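**Q** I'd like to ask you about the structure that follows.
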Amino acid sequence: MTGLETGLVMGGKFLAPHAAKAALKLAKKATYRWRVDRDVGRRLNLQYPRRHFRSWLKTIKADDLHQPVELGGPDLAVRLSKWLCERDPAWERNQERLTDARRLVEATYLAILKLADPGLERQLREQWSRGRNEDLIERLVIIAGGSAPVSPEDLSVWLWRRSAERRRLRLAAFDVDADLVDAQLSGLRELVPDIHPGSFRVLVGSFGAGKSEIAEEWHRTAISQNSEISNSAVPVWVSARDVATSGLESSLAQLVGAHRVHSRGTAVVVDGLDEVDSGTAEAIARDARILVASNPRCTVLATCRPSVLLESADDIAVDGFSEDAATTFVEALAGGKYSTLNWSDDLIDTIRRPFFALAAGSLIAAGHSPANQVELIDKLAQNALMRPSNSSATSSRDLFSILISLGVSLTQSNGHLDGLSFQERQAALSTRLVSRNASNHASFVLPIFEQWFAAQALIDEGDLFAEAISGSEHFDKWRWAVAIATLGGTSEQVDNMIEACLRSNPGAGAWIIEQVSPRKSTSPPKAEESIDRDTARSRLLRTHRTWIDSLGPISTTIFPIDDPSNPIRLGARVTGRFLHIGWSTTAPTADECLPLPDHIQLFSPRDENWQLRSGGAVPEGIQWPWTKVRDHIASSTLKALNVPAVFGPEGGVWHREIRYRTARLLMSERSMRHSPLDCQKVIEAGQQLLSQIHPGVQHATIKFGPHAVELADIKDLVTWLQTEGRESLERLVPKPDVLQPASGRVWDLYTPRHMARFCAEMYGLACVAYEEVADTDFAAFAWSLGHRVIRPFGIIGSLKYHESEMGTIPSFSYEMVPQELLEEITNKEENLVVSSNGRSAVKLLSRSSRDILNWHETAAQHAKKTSEWVLKNGTKTPFQNIYSAGTAIECSHERPVSYATAQWIWQDLRLLSLAQGTFPQLDQ
């Protein structure tokens, strides 16, 4: 107990004998109340309604004075402030009234004690002068809530205490000296971002990278400014789980008070966006963007793991310590008697993340020598379960089971329920890994522990693992635990888990592979170890077959196969850590992987039986076959989307644009006007070309300069035109309406109103095309295609013109909204150009800055309503991709609708780590 606390308790002890007599005098004697009020007034430089204060003194009971001020004072201060608010409007307007009430209560204690025993009063006053009454302030704010009308100084005292407690809980699991760690963590202060007011930024990094510690340092800077700078933004720390239900804006109003939010602004930390489902995380991020856009005094800093939110300019990458700082940190925690010189590069890379540096240092100090991140977490958890006393009836084995149950319950309930009995909860709370949360339930002090213990259940319980990957909602909750389970398995377990994920959903499986890739894990075989050839061939065959089956129709654009159901024959040649993979050109009767002949090399002569498809070093990590094939797919999807293949159903939007492109090439038509094509002439040109090709040729690629057309597409076009009997063939989007443009630029072929019509029709059709492609070629991905979160969706966009060196140029911006919301917008908003299918609407903006600003405010409301709709009605998916963009207008493109659709598919695949390179250009 500190001297200050001793003084406070002493105040209660010395007042207790006089409590009954003092309370009686306060109630009965006006002169006594006058003397107390006079003494209080002399002590404080404070304006307060003294008559109402004296009348309140009569309400003090003996029990109120029996307790020390840090216990009874907060309740008395709240009662006093409420009493004065009801009687004095000026007091109610006082934004620091609760702090002033606290000061009045403290002075009242001293005044009463002075009247009872001046010697004791002096002793208590001397004790109080040694520091602030932090306990009283903390209890006062807890009783009244974070929005309590207290002074910035009092609020800062409370916020500092909460910050220190959060850090203490985070460090408790490591059993290290807090002061030492605080000094070592100073290296992270250099990574604290300088965020301008009116900004929203996200610290993005892998688990254990130090995101929360960096955010804590930023929060502490805001606390210092709160007490030192007048009217600075109010610091707020919330977890994403705390604001998941009510939303960010409502939570801030409750925590800080709506008046403070609007008058002073807030400096908000939202910790752990990856600890809620992705729809909620995206909604919180959207709320944050709307908050800072509407109130430039507000700033929001969030923390999140990769692949939860869409990548944006708001992101701040967090990589942890430098290599030197990490090794110094570990050696300092280990007592300076341990060197990391002999550690592998991968383990050194792991300890750059502060969590693993703390784990490594604390474990080394305890006599352990960790080998990789899985062992680090495992040993850390086991160490934390070791009790200094055997007084508990709960064994370590039983406690381990309790913590696994806790991890499962928290994961399944998104952190709301711990699923424990009273005895189990008490046992869990006795460890350094668990604390009570705001709901008074047990929760792990770090999310990694929750996910690690849940992962142990996944490894041991096949039914639970099957449930975890069975659908979007389950996978959204379990995906981090699934990744950790995969990190810790044997090669057979890893193959089983990844295959199950891929067969359940290829997008989910691809995401898991990315999480356990060498960029995320550090448990690979040693670099000098060779790969077993037989095992490698069997694993490669299993991996390829799983991927082909999982991808469905699009696998024929990725692998050299005509039908996903046909057997495949691979060839693999393993040399140390190097691997070459070839495909047989002959049809096998069953899946098999053979040794690849030595003469099949990258630049060897063409072989009639084999074609070499890939070669190079084997990816590191136990999951290397899955990473190898995933990387091949990711490098192939760009080409697959770019080639003029038909995606979607026959006669769908994509197919119709392929037909138009083919007709343009047959007619050697290049005009930007895209005038209607005479169908009879197209048929004649197609027939003339087909007459030059031998009837027995079924598959061929025909070159038209730099462009290529498949023979099947020409046959399809001719047959379709003959069947349709139409006179002309036009592009799906509106043609130009300016006969004599002012320049040769393509956008001058359109009047502004007609350009708005072009954009509306193009994106309205793109919405349909996306659904067609998603339902056919990419049907296996189902909920893992992020744009499906608001299906059916529409597009709301704006078109504006601005001056540049190239003249007057149009620019188009749009965002995806639920179709239901789009219909509401088109019914209310005037002067919108709506597409003929009702799936897109475009606002043509004037050059007035007010018009543009008004539209920006309207767009922010659209975004907010979209977030609300997603939370209520949207498909639960961990990969939601509600797209918004400013883009060039592709009015000269032969396939503008497919171009937009390909961009959306591309964004979905990139989110799943299944796409690399630049975005699709579609034969541009």
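So the sequence shown is residues 207 to 1130, counted in this note's numbering. Positions of the beta carbon are idealized from the N, C-alpha and C atoms, including for glycine. Because the structure is a prediction, the values reported are computed rather than measured.
(1) Which residues bound the alpha helix (DSSP H) around residue 681?
(2) Give the range of the alpha helix (DSSP H) segment to which residue 237 is assigned.
(3) Does DSSP put residue 307 in a helix, in a strand, or in coil?
(4) Report all residues from its chain with a CB closer than 7 Å to the CB of residue 1112; omit the five preceding and five following residues, and keep chain order.
(5) Looking only at its own chain, which residues have a Cβ that is under 6 Å from the Cβ of residue 443, when we skip the five neighbours before and after it?
(6) Let's see if you can read the secondary structure: which residues bound the beta strand (DSSP E) around residue 866?
(7) What's the C-alpha gap between residue 396 and residue 558?
(8) Put residue 1071 into one of helix, strand or coil per three-state DSSP.
(9) I'd like to know whether the C-beta atoms of residue 241 and residue 319 end up nearer to each other than 8 Å.
(10) Put residue 1001 into one of helix, strand or coil per three-state DSSP.
(11) What do you reckon, are the CB atoms on residue 1090 and residue 1030 nearer than 8 Å?
(12) Of the residues 858, 911, 924, which one's Cα is nearest the Cα of residue 983?
(13) Can you check DSSP and say which residues form a bridge with residue 1093?
(14) With a cut-off of 8 Å, does the C-beta of residue 964 fall near any C-beta of chain D?
(15) Within 10 Å of its beta-carbon, does residue 906 have 16 or more other beta-carbons around it, so buried, or fewer, so exposed?
(16) Do the segment 692-700 and the segment 658-670 make contact, defined as three or more Cβ pairs closer than 8 Å?
(17) Ordered along the chain, which non-local residues of its own chain (more than five positions away) have a Cβ less than 7 Å from that of residue 721?
(18) Specify the secondary structure class of residue 504 as computed by DSSP and reduced to three states.
(19) Answer yes if the segment 1035-1052 comes into contact with the segment 968-975, meaning at least three C-beta pairs across the two stretches below 8 Å, and no otherwise.
(20) Is it right to say residue 1060 is buried, meaning 16 or more other beta carbons lie within 10 angstroms of its own, or is it exposed?
(21) Out of curiosity, what's the CA-to-CA distance linking residue 963 and residue 894?
(22) Cα separation between residue 246 and residue 260?
(23) For residue 1049, which residues does DSSP report across the bridge?
(24) Out of 760, 591, 297, 650, which one is the CA nearest neighbour of residue 640?
(25) Using the Cα positions of residue 975 and residue 781, report the straight-line distance between them to the nearest angstrom.
(26) What is the residue span of the beta strand (DSSP E) that residue 473 lies within?
(27) With DSSP as the reference, label residue 267 as helix, strand or coil.
(28) Residues in its own chain within less than 7 Å of residue 940 by CB, not counting five upstream and five downstream?
(29) Hey, residue 747 and residue 776: beta-carbon distance below 8 Å or not?
(30) Just how far apart, CA to CA, sit residue 648 and residue 704?
(31) What span of residues does the beta strand (DSSP E) with residue 536 cover, start to end?
(32) Leaving out the 5 sequence neighbours to the left and right, which residues in its chain are closer than 8 Å to residue 994 when beta-carbon positions are compared?
(33) Mapping DSSP to helix, strand and coil, what is residue 783?
(34) Please give me, in chain order, every unbroken run of the alpha helix (DSSP H) with length at least 4 that falls completely inside the segment 699-724.
(35) Reducing DSSP to helix, strand and coil, say where residue 521 ends up.
(36) From this set, 679, 659, 684, which residue's C-alpha is nearest residue 671's C-alpha?
**A** Straight from the coordinates:
(1) 678-693 is the span of the alpha helix (DSSP H), which, as asked, contains residue 681.
(2) Unbroken alpha helix (DSSP H) run through residue 237: 236-249.
(3) DSSP places residue 307 in helix when its eight states are reduced to three.
(4) Once the five neighbours on either side are set aside, the close Cβ partners of residue 1112 are 847, 1121, 1125, 1126.
(5) Within the same chain, residue 443 has close Cβ partners 425, 475.
(6) Counting along the chain, residue 866 falls outside any beta strand (DSSP E), though it belongs to the alpha helix (DSSP H) covering 859-872.
(7) Between residue 396 and residue 558, the C-alpha separation is close to 15 Å.
(8) Three-state result, residue 1071: helix.
(9) Taking a C-beta distance under 8 Å as the contact criterion, residue 241 and residue 319 do not qualify as a contact pair.
(10) Residue state, collapsed to three classes: strand.
(11) Contact: no.
(12) The alpha carbon of residue 983 has as its nearest neighbour, out of 858, 911, 924, the alpha carbon of 858.
(13) In the DSSP assignment, residue 1093 is bridged to 1018.
(14) You won't find chain D in this structure, because it holds only one protein chain.
(15) Residue 906 counts as exposed, since fewer than 16 other C-beta atoms from the protein chains shown sit within 10 angstroms of its C-beta.
(16) Judged by Cβ distances under 8 Å, the segment 692-700 makes contact with the segment 658-670, as three or more pairs qualify.
(17) Result list for residue 721: 689, in chain order.
(18) The three-state reading of DSSP puts residue 504 in coil, since its state is none of H, G, I, E or B.
(19) Counting Cβ pairs under 8 Å, three or more are found: they touch.
(20) Around the beta-carbon of residue 1060, fewer than 16 other beta-carbon atoms lie within 10 Å, marking it exposed.
(21) The alpha-carbon separation between residue 963 and residue 894 amounts to approximately 37 Å.
(22) Looking at the backbone, the Cα of residue 246 and that of residue 260 are separated by about 11 Å.
(23) Answer is 1004, 1038, bridged to residue 1049.
(24) Nearest of 760, 591, 297, 650 to residue 640, Cα basis: 650.
(25) C-alpha separation (whole angstroms): 46 Å.
(26) Per DSSP, residue 473 belongs to the beta strand (DSSP E) from 472-477.
(27) In the structure shown, residue 267 sits in coil (DSSP, three-state: anything other than H, G, I, E or B).
(28) The beta carbon of residue 940 sits closer than 7 Å to the beta carbons of 960, 963, 964, 967 from its chain, once the five residues preceding and following it are set aside; these are given in chain order.
(29) Contact: yes.
(30) Residue 648 and residue 704: Cα-Cα distance of roughly 31 Å.
(31) It is not in any beta strand (DSSP E) - residue 536 instead sits in the alpha helix (DSSP H) that spans 529-539.
(32) Answer for residue 994: 980, 988, 1081, 1083, listed in chain order.
(33) When secondary structure is reduced to three states using DSSP, residue 783 falls in the coil class, being assigned neither helix nor strand.
(34) Counting whole runs of 4 or more residues, the segment 699-724 contains the alpha helix (DSSP H) stretches 712-721.
(35) The DSSP-derived three-state label of residue 521 is strand.
(36) Ranking 679, 659, 684 by Cα distance to residue 671 puts 684 first.
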